[in-house]
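Chains as they are written, first to last, in the numbering used here: chain A, 1239 to 1400; chain B, 4 to 457. Beta carbons are placed, not taken as given, at the ideal position from N, Cα and C, and that holds for glycine. Quick caveat, the model's predicted, so the values are computed rather than measured. The structure appears below as structure tokens.
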């Protein structure tokens, strides 16, 4: 059997420039690494600085080969901007779990911290330890911004648990 | 540097391989198959062959680290610069890396004068050419047994010769195939490749971009299965490698088109493109955020090729077109691109002035906005934000001898700006307008820094 026979988890982040797609995917990459998985992340941001589409593939498991998620093999699509779901269509399958801004309370959908909230939604499935995320948020943001991100993460986490 | 950056560096590169190097010298060059943000899909592996230098191709983050260290060792051992050839998916990537090399203390070497190897007059360069060829022969011999290349023995029904990130895709697309992974792809280990090809029933080269490996291998009489033309375009991925192996040339599944980029709301460049659109100008554009002037609602750009081309192209149009059309030609270039490769264009404009003159707009937003707000010589700051001598663009253009040099704010002096463009287009003089207003993102960055410093 091949070394890749144990199924990896494929998470695709998609949105538009400025929504923190790269940051969120970096945080998931780090989280997977600290959970002891092999992990690869690969992003395409092109001209995203000017509001264009941006996507980032995160794959983790026992052994990851290609850094890009193959067609129809996305397990979780984190669509920080819901208009990107159609763009990602070739990578989805009937079992793909799509996390979209509409899953968040209205007041959080346009928040600058939507990426952190979406990570909390994703973690309802991944079930990485709560403390690991809090630690990563503190490493990625400073002072008051970190506290605000922790607050939205915890709030989303609690809402997801209900 | 970026793949197209090597085009600019090609002149010194092709003779640098003749002079050789006394210390380690690495050229890191990253290609953009699929054109995520570039003007072409050129495959820089061809530079290694053309300029005659060894080339290493990492396939992931760990190899990017390992090969960089080994590239220095290789360069020092053979006295030849080494190309470390990357692609988007090896660069814009994140993965665990095990560090193994302790950084060494940097030493400053003694200067050794050696005109035979450093002054490339024909008499010396002839000998240097022979040295390069001999060195490349030695490198090929070295590569036949080097540990840069790795063979994975699985089923002998299918053998894949591959390199770079295509190796990862291949292992996932064809987990049962035998694989010859080439880490050093120039000069190629031809005998190793020959043995591998002979050991399998069907041998396929899986490579992104041009047929670099395939052609070299075939030229040595080794039969390999060639990829179909459609796989010369764009990036490979697991799905496409599966299709490549199956000679399946059906179109790839496509999602809805992504959201196109646009100039920011409040971007000072907007004013310029509104004016150029309304005046029906022929706009020779350049590389930066302002290339977005080509898209709606502006539709105000007629050509854009490479960094610095706006001025030369504009001058060419001025010379070639009828007077009526020539008068509509405007070159548009950003401040950092101007410093990079626009200055000689101004010299050309002054020295070989077209009959109708010319107008160059330097869109000075005081930063390199497109790539993430980097500093440059005309911002007055170094990359680390410490103060630097500031190149004054208008003084530079005046000193070159441009007839009219004006500085204007496109927002607060909008009416004057429109009139000025009209006046300059009507004249037969050479004109530069420095259109100066900071990028809104740059202003935020500076405000943040000021707050930090306070």
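Output the boundary residues of the alpha helix (DSSP H) element that contains residue i.
i, result
"residue 288 of chain B", "Element bounds for residue 288 of chain B: n/a, residue is neither H nor E."
"residue 1368 of chain A", "1368-1378"
"residue 1340 of chain A", "Segment: none, residue 1340 of chain A is in no alpha helix (DSSP H) and carries neither H nor E."
"residue 1270 of chain A", "1259-1272"
"residue 409 of chain B", "First-last for residue 409 of chain B: 407-411, but that is the beta strand (DSSP E), not the alpha helix (DSSP H)."
"residue 118 of chain B", "118-121"
"residue 420 of chain B", "417-429"
In the structure shown, what three-state DSSP assignment does residue i receive?
i, result
"residue 1328 of chain A", "helix"
"residue 1248 of chain A", "strand"
"residue 1384 of chain A", "helix"
"residue 26 of chain B", "coil"
"residue 111 of chain B", "coil"
"residue 361 of chain B", "strand"
"residue 1281 of chain A", "strand"
"residue 384 of chain B", "strand"
"residue 153 of chain B", "strand"
"residue 1 of chain B", "Residue 1 of chain B lies beyond the residue range present for chain B, which begins at 4 and ends at 457; the question has no answer from this structure."
"residue 231 of chain B", "coil"
"residue 449 of chain B", "helix"
"residue 32 of chain B", "strand"
"residue 174 of chain B", "helix"
"residue 1239 of chain A", "Confidence is the limiting factor: at residue 1239 of chain A the pLDDT is only 33, short of 50, which leaves the residue's position unreliable, though a coordinate-based value still follows. Note: residue 1239 of chain A maps to coil in three-state DSSP."
"residue 11 of chain B", "helix"
"residue 327 of chain B", "helix"
"residue 21 of chain B", "helix"
"residue 377 of chain B", "strand"
"residue 371 of chain B", "strand"
"residue 395 of chain B", "coil"
"residue 4 of chain B", "coil"
In terms of residue numbering, what span does the beta strand (DSSP E) encompassing residue i cover?
i, result
"residue 206 of chain B", "205-209"
"residue 319 of chain B", "Run containing residue 319 of chain B: none in the beta strand (DSSP E); it sits in the alpha helix (DSSP H), 312-323."
"residue 1297 of chain A", "1291-1299"
"residue 163 of chain B", "158-166"
"residue 1359 of chain A", "Element bounds for residue 1359 of chain A: not the beta strand (DSSP E) but the alpha helix (DSSP H), 1352-1364."
"residue 337 of chain B", "332-337"
"residue 439 of chain B", "433-439"
"residue 133 of chain B", "Counting along the chain, residue 133 of chain B falls outside any beta strand (DSSP E), though it belongs to the alpha helix (DSSP H) covering 125-147."
Which residues in chain B have a C-beta closer than 8 angstroms to the C-beta of residue i? List them in chain order.
i, result
"residue 1271 of chain A", "99"
"residue 1266 of chain A", "Those within 8 angstroms of residue 1266 of chain A in chain B number zero; the least Cβ separation is about 10 angstroms."
"residue 1313 of chain A", "Within chain B, no residue comes near residue 1313 of chain A; the closest Cβ sits about 15 angstroms away, beyond 8 angstroms."
"residue 1254 of chain A", "262"
Are residue i and residue j touching if we call contact CB-CB under 8 angstroms?
i, j, result
"residue 16 of chain B", "residue 9 of chain B", "yes"
"residue 211 of chain B", "residue 238 of chain B", "yes"
"residue 1353 of chain A", "residue 1259 of chain A", "yes"
"residue 1238 of chain A", "residue 242 of chain B", "This structure does not reach residue 1238 of chain A, given that chain A is present from 1239 up to 1400, and the question cannot be answered."
"residue 196 of chain B", "residue 164 of chain B", "yes"
"residue 1357 of chain A", "residue 1391 of chain A", "yes"
"residue 1291 of chain A", "residue 261 of chain B", "yes"
"residue 92 of chain B", "residue 60 of chain B", "no"
"residue 57 of chain B", "residue 190 of chain B", "yes"
"residue 383 of chain B", "residue 391 of chain B", "yes"
"residue 27 of chain B", "residue 78 of chain B", "yes"
"residue 435 of chain B", "residue 346 of chain B", "no"
"residue 334 of chain B", "residue 287 of chain B", "yes"
What in chain B is Cβ-close to residue i, meaning under 7 angstroms?
i, result
"residue 1290 of chain A", "261, 262, 263, 264"
Going along chain A, which residues have a C-beta under 8 angstroms from residue i?
i, result
"residue 257 of chain B", "1328"
"residue 171 of chain B", "1303, 1304, 1305"
"residue 440 of chain B", "Those do not exist, as residue 440 of chain B stays about 17 angstroms from chain A at its closest Cβ, beyond 8 angstroms."
"residue 309 of chain B", "Ordered by position in chain A, no residue passes the 8 angstroms Cβ test against residue 309 of chain B, which lies about 17 angstroms from the chain."
Applying a beta-carbon distance threshold of less than 7 angstroms, which residues of chain A neighbour residue i?
i, result
"residue 96 of chain B", "1278, 1279, 1280, 1305"
"residue 67 of chain B", "Residues of chain A passing the Cβ test: none, with the nearest at roughly 12 angstroms."
"residue 295 of chain B", "1288"
"residue 92 of chain B", "1280, 1305, 1306"
"residue 144 of chain B", "Simply none; closest approach about 31 angstroms."
Since residue i meets chain A, which of its residues come closer than 9 angstroms, beta carbon to beta carbon?
i, result
"residue 240 of chain B", "1304, 1306, 1307, 1308, 1309"
"residue 168 of chain B", "1280, 1304, 1305, 1306"
"residue 210 of chain B", "Chain A residues near residue 210 of chain B: none, gap ~15 angstroms exceeds 9 angstroms."
"residue 378 of chain B", "By Cβ distance, chain A contributes nothing, its closest Cβ being about 16 angstroms from residue 378 of chain B, past 9 angstroms."
Residue i versus chain B: which residues are under 9 angstroms apart at the beta carbon?
i, result
"residue 1325 of chain A", "258, 259, 260, 261, 262"
"residue 1321 of chain A", "259, 262"
4-residue-minimum alpha helix (DSSP H) runs that sit fully inside the stretch 182-229 of chain B, ordered along the chain: 193-202, 215-222
Please give the ranges of any beta strand (DSSP E) in the stretch 73-107 of chain B, keeping only runs that are unbroken, at least 3 residues long and fully inside the region. 85-90
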